[in-house]
Amino acid sequence: MDNRMRPTYWDRAELLETVKEFHQKLHGERPEAGLYDDLEIKALEGELAELKGELIKKEALPNG
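First residue of the sequence shown: 15, per my numbering; consecutive thereafter.
Given below as structure tokens:
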């Protein structure tokens, strides 16, 4: 297996920061310290997908 195929520390760090940014966009503030820090890459990808979906719903229904 090619080493590049495995996610690196930097891939995870970038994904974690993206999740935190989407949390801020959705909730108006950064998440509390440590909220997402212990999640593995697959879990972070799931959180990001969920946050994106919630943000889309929020923007589509601004009064909801």
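We treat Cβ as the ideally placed atom computed from N, Cα and C, and that holds for glycine.
Pick from the options that is closest to residue i, judged by C-alpha positions
i   : options          : result
G48 : Y23, V33 and L75 : V33
L53 : E73, G42 and A27 : A27
Y23 : E68, E61 and I55 : I55
G42 : A63, L69 and G60 : L69
Residue i (DSSP reduced to helix, strand or coil)
i   : result
D51 : coil
E46 : coil
L65 : helix
L75 : coil
Endpoints, alpha helix (DSSP H) assigned at residue i
i  : result
E2 : No statement about residue 2 is possible, as the shown extent of the chain runs from 15 to 78 and does not include it.
Rounded Cβ spacing between residue i and residue j (contact assumed at less than 8 Å)
i   : j   : result
L40 : L65 : 6 Å
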